[in-house]
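For the sequence shown, the working numbering begins at 622 and goes up steadily by one.
See structure below.
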Amino acid sequence: MYKDFEVWFVTGAQLLYGGDAVIAVDGHSNEMVNGLNASGKLPVKVVYKGTVNSAKEVTATLKAANYDDKCIGVITWMHTFSPSKMWIHGLQELRKPLLHFHTQFNKEIPWDTMDMDFMNLNQSAHGDREFGHITARLRKPRKVVVGHWQDPKVQDKLAIWMRVSAAWADAQDMRIVRFGDQMNNVAVTDGDKVDAEIKFGYHVDYCPIAELVAVQNTITDAEVAELLNTYEKEYEVAADCKEGGKKRGQVVHAARIELALRKFLKEKGAKAFTTNFDDLAGVDQIPGIAAQRLMAEGYGFGAEGDWKTAALYRTMYVMSYGMPKGCSFLEDYTLNFDGENSAILQAHMLEVCPMIAAQKPRLEVHPLGIGGKNDPARLVFTSKP
C-alpha cells in the first residue's frame, strides 16, 4: 500500500557560511536520508530533495511537493541557521503534511576538535528554533519530532507520522457509497457531507439498494461457485453450511451479495461503504461475511448509513497497514464497571473484521432478529488480545 508513496526531506541552510559548508550540508543530508531508509523502521521511502538556501528555493521546492502525487508529506530540518523569513511564502503554499525534525547530524559534541567552523556548520539548535518560531507565527499545522536521527525511538515517531500522512493522502480521493440512508431517528450518524469533503476529502454518494440488486442479478453461478471454494479454503466451515447442509443456501446467497458488492464498489471507485437494515429490498440477508471480508481487504465500513465511521475505518486501515493487530468496525454496547478493570464491551451484530481474529475464522449461519431478512452468513472468531 505504501510502495507508491514517498516523503520529501528538505534541509534548511543559507549561503552565509561559504561553499564548503553547502557541500558538507548536502553530504550530511544524503547520509541521514540513506540511514533512515536503511533503518527498517520507516514504512515510507524518504527522498532527499536538496538543501534550500533562499526564499526562491524554499518556495519552489514546497510548491513542487503539492503537485507530486507520490509525495505525502515533507520533513524539514535546519542543518545551519536558516533565516526563517525566507520560509514564509513556501510554508504558506505547502498543502501537504509537514514534520519539523529537530535533530542534528552529529550525536555528540566533539569537544577536543570543535572550532568556529564546526559551530557555524552544525547549528541545528539555533536553526530549528528559528524555524519553529516561524511555523508558530504562521500557525502552520505540523508535527515536531525531537531527537537524534539514529535513535530507534525517534525513528518510531517518524514512522507514526508517515502512517498518518499516508492516511491523509488516501482520504483526498476517498469515495464512500451509502446504500440507503441513516437508520431512522438516529442523530450521531448524520453529518455535514459538504464540510467533510472540504476538510477531509471524503466524497459521499447515495446509491439506492436497487442498483446493487441489479448488479447482483448479473453474477453467474460459476462466479458464486468459485467464491464458495475460496470460503472452504480460507475458513473452517460449519457442517450445516457445507454443500448439502441445510444452511448451504444462505451461504450461496451471501457469496452472491459479496460478489455484487465487490463489483459495484470497484466500478464506482469507492474505498468505503455503508448499509442499512431498513433498506435491503431485493437482498436476501444483511451483508455479513461480505462486509467482513471487504473490511479485511481495506474497504471502510459503517453500519446503518454511518459514513463517518466507514471513512474512519478506511483511515485506520491505511494507518495500521502491515501491523500485526489489525483493526475492525465496532460499536460501544455495554459498560463494565470494575475498578481498574473497567471496560466497554464493543460489538456489532455481524460486521466484525476478521483481521483481529486470533485463529482461523469459522463460517456459520445464525438467525438475526433485526432487519426482517433471512438468516445471514458470518465469520465467527475470538479476537486477539
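For each residue, glycine too, the CB sits at the ideal point set by N, CA and C.
This structure is a prediction, so every number in the text was calculated from the model and none was measured.
Taking the continuous beta strand (DSSP E) assigned at residue i, which residues delimit it?
{"i": "lysine 764", "result": "764-767"}
{"i": "glycine 694", "result": "692-699"}
{"i": "phenylalanine 630", "result": "627-633"}
{"i": "phenylalanine 722", "result": "719-723"}
{"i": "glutamate 985", "result": "983-986"}
{"i": "valine 654", "result": "Not the beta strand (DSSP E): valine 654 falls in the alpha helix (DSSP H), residues 640-659."}
{"i": "tyrosine 669", "result": "666-673"}
Hey, quick one: how far does the alpha helix (DSSP H) through residue i stretch, first residue to last?
{"i": "aspartate 1028", "result": "Given that the chain is displayed from residue 622 to residue 1006, the structure contains no residue 1028 and the question cannot be resolved."}
{"i": "alanine 808", "result": "Counting along the chain, alanine 808 falls outside any alpha helix (DSSP H), and DSSP gives it neither H nor E."}
{"i": "phenylalanine 739", "result": "737-742"}
{"i": "tyrosine 938", "result": "928-940"}
{"i": "serine 745", "result": "745-758"}
{"i": "threonine 680", "result": "676-687"}
{"i": "glutamine 713", "result": "709-714"}
For residue i, collect the residues of the same chain with a Cβ closer than 7 angstroms to its Cβ; drop the 5 residues on either side in sequence, then sort them by chain order.
{"i": "leucine 886", "result": "Val798, Phe894 and Tyr920"}
{"i": "glycine 866", "result": "Ala860"}
{"i": "methionine 981", "result": "Per the sequence shown, the amino acid found at residue 981 is lysine instead of methionine. Hits under 7 angstroms: Tyr856 and Glu857."}
{"i": "arginine 796", "result": "His824, Asp826, Lys889, Gly890, Ala891 and Lys892"}
Between the C-alpha atoms of residue i and residue j, what's the straight-line distance to the nearest angstrom?
{"i": "cysteine 692", "j": "serine 786", "result": "10 angstroms"}
{"i": "glycine 870", "j": "glutamine 793", "result": "40 angstroms"}
{"i": "glutamate 818", "j": "histidine 824", "result": "6 angstroms"}
{"i": "phenylalanine 800", "j": "histidine 987", "result": "23 angstroms"}
{"i": "alanine 676", "j": "tryptophan 698", "result": "15 angstroms"}
{"i": "phenylalanine 630", "j": "histidine 649", "result": "12 angstroms"}
{"i": "glutamate 918", "j": "glycine 890", "result": "15 angstroms"}
{"i": "lysine 868", "j": "aspartate 953", "result": "30 angstroms"}
{"i": "asparagine 743", "j": "serine 705", "result": "17 angstroms"}
{"i": "alanine 875", "j": "alanine 860", "result": "17 angstroms"}
{"i": "phenylalanine 898", "j": "glycine 992", "result": "5 angstroms"}
{"i": "cysteine 974", "j": "arginine 716", "result": "33 angstroms"}
{"i": "valine 807", "j": "glutamine 967", "result": "19 angstroms"}
{"i": "glutamate 864", "j": "lysine 774", "result": "53 angstroms"}
{"i": "cysteine 948", "j": "leucine 636", "result": "49 angstroms"}
{"i": "glutamine 771", "j": "phenylalanine 702", "result": "22 angstroms"}
{"i": "phenylalanine 950", "j": "tyrosine 934", "result": "7 angstroms"}
{"i": "proline 762", "j": "valine 665", "result": "21 angstroms"}
{"i": "glutamate 853", "j": "asparagine 838", "result": "24 angstroms"}
{"i": "glycine 656", "j": "aspartate 736", "result": "26 angstroms"}
{"i": "arginine 758", "j": "glutamate 961", "result": "43 angstroms"}
{"i": "glutamine 713", "j": "glycine 639", "result": "28 angstroms"}
Enumerate in chain order the residues of its own chain whose CB-to-CB distance from residue i is below 6 angstroms, with the five nearest sequence positions on each side excluded.
{"i": "lysine 764", "result": "Leu720 and Trp782"}
{"i": "alanine 788", "result": "Thr936, Val939 and Met940"}
{"i": "aspartate 802", "result": "Gly926"}
{"i": "tryptophan 708", "result": "Val679 and Ile755"}
{"i": "arginine 999", "result": "Gly909, Ile910 and Leu971"}
{"i": "phenylalanine 726", "result": "His649"}
{"i": "glutamate 985", "result": "Ala859 and Val1001"}
{"i": "threonine 694", "result": "Here the sequence assigns glycine to residue 694, which means threonine is not the residue at that position. Cβ within range, chain order: Val628, Lys717, Pro718 and Ser786."}
Since residue i sits in a beta bridge, which residues does DSSP pair it with?
{"i": "threonine 955", "result": "Leu966"}
{"i": "phenylalanine 799", "result": "Reading off the sequence, residue 799 comes out as arginine, not phenylalanine. Partner(s): Tyr827 and Thr895."}
{"i": "valine 1001", "result": "Arg983"}
{"i": "glycine 921", "result": "Ala893"}
{"i": "alanine 780", "result": "According to DSSP, which records beta bridges pairwise, alanine 780 is partnered with nothing at all."}
{"i": "alanine 978", "result": "Ser1004"}
Near residue i, what residues of its chain come up, given a Cβ to Cβ distance below 8 angstroms and the 5 sequence neighbours on each side ignored?
{"i": "threonine 810", "result": "Gln803, Met804, Gly923, Glu925, Gly926, Asp927, Trp928, Lys929 and Thr930"}
{"i": "isoleucine 965", "result": "Asp953, Tyr954, Thr955, Leu956 and Asn957"}
Those runs of the beta strand (DSSP E) which lie wholly inside the stretch 854-902 and span at least 3 residues: 893-895
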